[in-house]
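**Q** Count along the sequence shown from 1, add 1374, and you get the number used in my numbering.
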Amino acid sequence: MPPVRSLARRSFMARLGASLAALTSASLGGADVAEAASLRSAPWQPARHSQDDWFEELPGKHRFFFDATSAVGAGEAIAFASNFLVASAKGYQLAESENAIVIGLRHHATLFAFSDAIWQKYGVPLSERISYVDPRTRQPPIVNVYQATGYGALLPNRETTLNAMAKRGVHFALCDMATQVYAGVAAGKLGLKASDVYAELRASALPNAHFVAAGIVAVNRAQERGYTIQHIG
């Protein structure tokens, strides 16, 4: 049997704890205590920024973000996004408009968001920067290969162009940080002003394009807006 003194000490400590809790509650006020409890139980929610609101403007019962970072990845993202739309139609009888699809083009994949005119003018320095050549000619591209046909199995998109995907309702998140870097690369090689080249690149972007602060930021924001993320490479 525990000593009487030990039991008395435990009883005293219990009463002291209860008194302190009551005193704290009274000093804070019932509303403050309730608010503190609410904050402890509320799940974390990401902040919302107006720059990302375009993600919400895409209609669709399902949301998918295909993240491409390389030249090959840009073509594979087209193929996978197309497969997703086809499978959704065949397996679930969903119209293409019932899917919200975004292809993210960042890092080396960013360059394939721009027009043939850009590739014809700046193809040599840009090709050199990302170590990519036209798979048919083995030379620096003078067209955007993912806007061209006639490549067949040489490219992973298998003749489906970026413009064709845009017509199916697909949108594109383009890395502005990479765009500025490539503008500087082309300008430095050709003795031009980087700001002028940058303006050209922005003006030549494909339909349904959204320039984002950085492609990796778009990956984060898309996930926070409820998009499934698939990194392609």
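All residues carry an ideal CB built from backbone N, CA and C; glycine is no exception. Source: prediction; values computed, not measured.
So the alpha helix (DSSP H) residue 1465 belongs to, where does it begin and stop?
**A** Residue 1465 -> alpha helix (DSSP H) spans 1445 to 1466.
**Q** Apply the 10 Å Cβ neighbour rule to residue 1455 and answer buried if 16 or more other Cβ atoms are within range, or exposed otherwise.
**A** With 16 or more Cβ atoms within 10 Å of its Cβ, residue 1455 is classed as buried.
**Q** Give the DSSP bridge partners of residue 1437, in chain order.
**A** Paired residues: 1474.
**Q** With DSSP collapsed to three states, give me the class of residue 1544.
**A** Here residue 1544 sits in coil by DSSP.
**Q** Identify every run of the alpha helix (DSSP H) within the region 1522 to 1574, keeping only runs that are complete inside it and at least 4 residues long; order them along the chain.
**A** The region 1522 to 1574 contains these whole alpha helix (DSSP H) runs: 1536 to 1541, 1550 to 1564.
**Q** Quickly, what does DSSP pair residue 1605 with across the bridge? List them, please.
**A** Answer is 1441, bridged to residue 1605.
**Q** Identify the continuous beta strand (DSSP E) that holds residue 1488 and give its terminal residues.
**A** Here residue 1488 belongs to no beta strand (DSSP E), and DSSP marks it neither H nor E.
**Q** As a quick exercise: from 1418, 1436, 1500, 1458, pick the residue whose alpha carbon is nearest that of residue 1596.
**A** Answer by Cα proximity: 1436.
**Q** Taking contact to mean 3 or more Cβ pairs, one atom from each stretch, closer than 8 angstroms, check whether the region 1468 to 1480 and the region 1542 to 1553 are in contact.
**A** The region 1468 to 1480 is in contact with the region 1542 to 1553.
**Q** If you run the structure through DSSP and keep just helix, strand and coil, what is residue 1432?
**A** Three-state result, residue 1432: coil.
**Q** Do the region 1489 to 1501 and the region 1549 to 1564 make contact, defined as three or more Cβ pairs closer than 8 angstroms?
**A** Enough Cβ pairs lie closer than 8 angstroms, so yes.
**Q** In terms of alpha-carbon separation, which member of 1439, 1527, 1434 lies closest to residue 1594?
**A** For residue 1594, the nearest C-alpha among the options comes from 1439.
**Q** Which stretch, first to last residue, makes up the beta strand (DSSP E) that contains residue 1586?
**A** Segment 1583 to 1586, the beta strand (DSSP E) holding residue 1586.
**Q** What number of angstroms, rounded off, separates the C-alpha of residue 1419 from the C-alpha of residue 1538?
**A** Taking the straight line joining both Cα atoms gives about 36 angstroms.
**Q** Should residue 1441 and residue 1605 be called a contact, given that it needs their Cβ atoms to be closer than 8 angstroms?
**A** Yes, the Cβ-Cβ distance between residue 1441 and residue 1605 is below 8 angstroms.
**Q** Going straight from the alpha carbon of residue 1541 to that of residue 1460, what length do you get?
**A** Cα-Cα distance, rounded: 14 angstroms.
**Q** Going by CA-CA distance only, name the one from 1446, 1503, 1428, 1468 that's closest to residue 1528.
**A** If we check each option's Cα against that of residue 1528, 1446 comes out closest.
**Q** For residue 1575 versus residue 1499, is the C-beta distance shorter than 8 angstroms?
**A** Not a contact, by the Cβ cut-off of 8 angstroms.
**Q** Determine the direct distance from the alpha carbon of residue 1551 to that of residue 1569, and round the result to whole angstroms.
**A** Near 13 angstroms, if we compare the C-alpha coordinates of residue 1551 and residue 1569.
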